[in-house]
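Asks: Residue numbers (our numbering): 7 to 455.
Listed below in structure tokens is the structure:
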């Protein structure tokens, strides 16, 4: 193909709704009519388009954009930037793909710039690092870190982050990797991907709407505490065992990124977050920088937010990753064709925190079980409905989280993560291509990777 630009890819995507990454490895014959492209394998992949700040500014300013050949970078064709963005959004409108990756932002937060830039991610897009590297992932169930009074147990959470990160570090040298290059880079840079699940449930039980400034600031503080403690632990391991092998050549860019994480704490509204949580986040980032400045870090990355779709069930989570609940009552299709009814377990605690009596809570729960929505439930005050909003609009209700609520939540957490976030932005069936274009533009402006 002499013309492998973004437009060709998106037009193919829109027309055929098929997946087309890594075709060369499967015997790509130079066209979209060969055996590789028609394979089932490529109908089950995630596809993303990576764009620069310059492209996004051209979209915002209604400028032009010149595509370039992949192999040698020579100019190919010039388009109106918004026309290209519309092609991307049309593909998303048809089948949910492609997602977008913001290359400039990704590389601005890259700890190992002096080795190479970040070119790509894993399929779910939360792990972004050097080519030929691998990341050990683990997630913590946030609902397990609550004291008897329902408040967040900061000391227990910090302890768990420290222990799990040490365990993940041990795994690096004891893992097997599919290629020698991946073995070398994984052991040279030692990237880790600690994350969490059940954020949506934690917010609900605290009576914080997912789509609210209060909810976002609380999530930002939790994420800051996790990554700050993880980098502090990594710095302590570097003090005792030495930093990762590639640290010497990347000391300055890595410390720059740590400073950016720490500075992002200033964007959390302290009036919306418990004082002890803010103070703990300040403390871990101060220590993470001081110890890291003196001894380096054992790991080039420490945190991501993965989907946790499968392990979330194993950990008995109501919600996965950074997601809100999909619905208060949902059904999971089983392999044998049956259905499993799953009911949110957090609602009673949230109602109790809001001040409802036991008999009122029982009546509200009966309504949810019968109607599969909390809307219209007896005793429930109108102002409390946002606490129970979910990603999907229930069949017997009208409320759901606005799609910008999903993007804003990611924007709150992103400055406190080494990697990125794998998350669905749920949109209604009647959403327009223009709204998808605008959501991508807003995601870029808000600093998402």
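Note that the Cβ used here is the ideal one computed from N, Cα and C, for glycine as well.
Starting from residue 429, trace the alpha helix (DSSP H) both ways and give me its first and last residue.
Replies: Position 423 of the chain shown, counted from the start, is the residue given in the question as residue 429. Per DSSP, residue 429 belongs to no alpha helix (DSSP H) and is neither H nor E.
Asks: Among residues of its own chain, excluding the 5 on either side of residue 413, which ones have a beta-carbon nearer than 8 angstroms to its beta-carbon?
Replies: Your numbering for residue 413 matches position 407 in the chain shown. Counting only Cβ-Cβ distances below 8 angstroms, and skipping sequence neighbours, we find 431, 445, 448, 449, 452, 454.
Asks: Please work out which residues of its chain come closer than 7 angstroms, Cβ to Cβ, to residue 133, disregarding the five sequence neighbours upstream and downstream, and give them in chain order.
Replies: If you number the chain shown from 1, residue 133 lands on position 127. Taken in chain order, the residues that qualify are 127, 141, 199, 310, 425.
Asks: Do you know offhand how far residue 262's Cα is from residue 196's?
Replies: For the purposes of this step, residue 262 is taken as residue 256 along the chain shown, with counting starting at 1. For the purposes of this step, residue 196 is taken as residue 190 along the chain shown, with counting starting at 1. Answer to the nearest angstrom: the Cα atoms are 19 angstroms apart.
Asks: Going by alpha carbons, who is nearest to residue 114 out of 315, 352, 364, 260?
Replies: Position 108 of the chain shown, counted from the first residue, corresponds to residue 114. Comparing Cα-Cα distances from residue 114 to each of 315, 352, 364, 260, the minimum goes to 260.
Asks: Apply the 10 Å Cβ neighbour rule to residue 281 and answer buried if 16 or more other Cβ atoms are within range, or exposed otherwise.
Replies: For the purposes of this step, residue 281 is taken as residue 275 along the chain shown, with counting starting at 1. Result: exposed.
Asks: Quick one: what's got a C-beta closer than 7 angstroms to residue 92's C-beta in the same chain, skipping five residues either side?
Replies: Within the chain shown, residue 92 is the residue found at index 86, counting from 1. Here the set comprises 439, 443.
Asks: Check whether the stretch 283-300 touches the stretch 378-395, taking contact to mean three or more Cβ pairs, one atom from each stretch, closer than 8 angstroms.
Replies: Cβ pair count under 8 angstroms is below three, so no.
Asks: Quick check: the stretch 336-344 against the stretch 160-175, are at least 3 beta-carbon pairs closer than 8 angstroms?
Replies: Because the criterion of three Cβ pairs below 8 angstroms is not met, the stretch 160-175 and the stretch 336-344 do not touch.
Asks: Would you mind sorting residue 403 into buried or exposed? The rule is 16 or more other CB atoms within 10 Å of its CB.
Replies: Taking the first residue of the chain shown as 1, we reach residue 403 at position 397. It counts as buried.
Asks: Could you give the DSSP three-state label for residue 189: helix, strand or coil?
Replies: Counting from 1 along the chain shown, the entry for residue 189 is found at position 183. Of the three classes helix, strand and coil, the one that applies to residue 189 here is helix, per DSSP.
Asks: May I ask you to report which of helix, strand or coil DSSP gives residue 382?
Replies: Numbered from 1 along the chain shown, position 376 holds the residue referred to as residue 382. Note: residue 382 maps to coil in three-state DSSP.
Asks: Considering only residues of the stretch 250-282, which uninterrupted alpha helix (DSSP H) runs meet the minimum length of 4 residues and lie entirely inside it, listed in chain order?
Replies: Listed in chain order, they are 257-269.
Asks: Between the stretch 234-249 and the stretch 355-371, can you find at least three pairs of beta-carbon atoms closer than 8 angstroms?
Replies: Not touching, per the Cβ criterion.
Asks: Determine the DSSP secondary structure at residue 59, reduced to helix, strand or coil.
Replies: Numbered from 1 along the chain shown, position 53 holds the residue referred to as residue 59. Of the three classes helix, strand and coil, the one that applies to residue 59 here is helix, per DSSP.
Asks: Could you name the residues that DSSP lists as bridge partners for residue 338?
Replies: In the chain shown, residue 338 corresponds to position 332, counting from 1. Answer by DSSP bridge pairing, in chain order: 346.
Asks: Please list, in chain order, all residues of the same chain as residue 234 whose beta carbon is under 7 angstroms from its beta carbon, the five residues on each side excluded.
Replies: On the chain shown, residue 234 is found 228 positions in, with the first residue counted as 1. For residue 234, where only same-chain residues beyond five positions count, the Cβ hits under 7 angstroms are 287, 290, 291, 294.
Asks: Looking only at C-alpha atoms, which of 139, 221, 108 sits nearest to residue 186?
Replies: The residue given as residue 186 occupies position 180 in the chain shown. Out of 139, 221, 108, 139 has the C-alpha closest to the C-alpha of residue 186.
Asks: According to DSSP, what are the bridge partners of residue 318?
Replies: For the purposes of this step, residue 318 is taken as the residue at position 312 of the chain shown. Looking at the DSSP assignment, residue 318 forms no beta bridge with any residue, so it has no partner.
Asks: Mind reading off the beta-carbon distance from residue 104 to residue 112? Whole number of angstroms is fine, and I expect it under 8 angstroms.
Replies: Translated into positions along the chain shown, residue 104 becomes position 98. Translated into positions along the chain shown, residue 112 becomes position 106. Residue 104 to residue 112, Cβ: 16 angstroms. No contact.
Asks: Please identify the residue among 83, 272, 118 whose C-alpha is closest to the C-alpha of residue 421.
Replies: Here residue 421 refers to the residue found at position 415 when the chain shown is read from its first residue. Comparing Cα-Cα distances from residue 421 to each of 83, 272, 118, the minimum goes to 272.
Asks: If you measure between the beta carbons of residue 328 and residue 429, is that distance less than 8 angstroms?
Replies: Start at 1 with the first residue of the chain shown, and residue 328 comes out as number 322. Start at 1 with the first residue of the chain shown, and residue 429 comes out as number 423. Going by C-beta atoms, residue 328 is nearer than 8 angstroms to residue 429.
Asks: Contact defined as beta carbons within less than 8 angstroms: I believe residue 236 pairs with residue 205. What is the distance between those atoms, to the nearest angstrom?
Replies: Along the chain shown, one-based indexing puts residue 236 at 230. Along the chain shown, one-based indexing puts residue 205 at 199. Between residue 205 and residue 236 the Cβ distance is about 17 angstroms, and since that is not below 8 angstroms, they are no contact.
Asks: Name the residue from 433, 66, 162 whose alpha carbon lies nearest to the alpha carbon of residue 283.
Replies: Residue 283 sits at position 277 when you count from the first residue of the chain shown. Looking at the Cα atoms, 162 is the closest of the given residues.
Asks: Does the distance from the C-beta atom of residue 243 to that of residue 193 stay below 8 angstroms?
Replies: In the chain shown, residue 243 corresponds to position 237, counting from 1. In the chain shown, residue 193 corresponds to position 187, counting from 1. Not in contact: residue 243 and residue 193 (Cβ atoms no closer than 8 angstroms).
Asks: Between the alpha carbons of residue 29 and residue 65, how many angstroms are there, rounded?
Replies: By one-based count along the chain shown, residue 29 stands at place 23. By one-based count along the chain shown, residue 65 stands at place 59. The predicted model places residue 29 with a pLDDT of 47, which falls under 50 and marks its position as unreliable; any figure quoted below should be read in that light. So the alpha carbons of these two residues sit roughly 30 angstroms apart.
Asks: Could you give the DSSP three-state label for residue 115: helix, strand or coil?
Replies: Taking the first residue of the chain shown as position 1, residue 115 is located at position 109. If DSSP states are grouped into helix, strand and coil, residue 115 belongs with coil.
Asks: Under three-state DSSP, which class holds residue 180?
Replies: Numbered from its first residue, the chain shown carries residue 180 at position 174. In the structure shown, residue 180 sits in a helix (DSSP, three-state: H, G or I).
Asks: Residue 532: which of 229, 253, 238 sits nearest, CA to CA?
Replies: In the structure displayed, the chain extends from 7 to 455; residue 532 sits before or after that span and is not available.
Asks: Ordered along the chain, which non-local residues of its own chain (more than five positions away) have a Cβ less than 7 angstroms from that of residue 326?
Replies: As a working note, residue 326 is residue 320 in the chain shown. The residues are 203, 313, 314, 315, 318.
Asks: How is residue 216 classed by DSSP in three states: helix, strand or coil?
Replies: Locating residue 216 in the chain shown gives position 210, counting from the first residue. Note: residue 216 maps to coil in three-state DSSP.
Asks: According to DSSP, which residues form a beta bridge with residue 86?
Replies: Translated into the one-based positions of the chain shown, residue 86 becomes position 80. The partner list for residue 86 (beta bridge, DSSP) reads 70.
Asks: Heavy atom of the ligand FAD less than 7 angstroms from the Cβ of residue 298, yes or no?
Replies: The ligand FAD is not part of the structure shown, which contains no ligands of any sort.
Asks: Does the Cβ of residue 409 have 16 or more other Cβ atoms within 10 Å, making it buried, or fewer, making it exposed?
Replies: Taking the first residue of the chain shown as position 1, residue 409 is located at position 403. It counts as buried.
Asks: Since I believe residue 147 is in contact with residue 396 (beta carbons under 8 angstroms), could you give me their beta-carbon distance rounded to a whole number of angstroms?
Replies: Working through the chain shown from its first residue, we reach residue 396 at position 390. Working through the chain shown from its first residue, we reach residue 147 at position 141. Their Cβ separation, rounded to whole angstroms, is 19 angstroms, which puts residue 396 and residue 147 out of contact at 8 angstroms.
Asks: Quick one, are the C-beta atoms of residue 298 and residue 264 less than 8 angstroms apart?
Replies: In the chain shown, the residue the question calls residue 298 occupies position 292. In the chain shown, the residue the question calls residue 264 occupies position 258. Yes, they are a contact pair.
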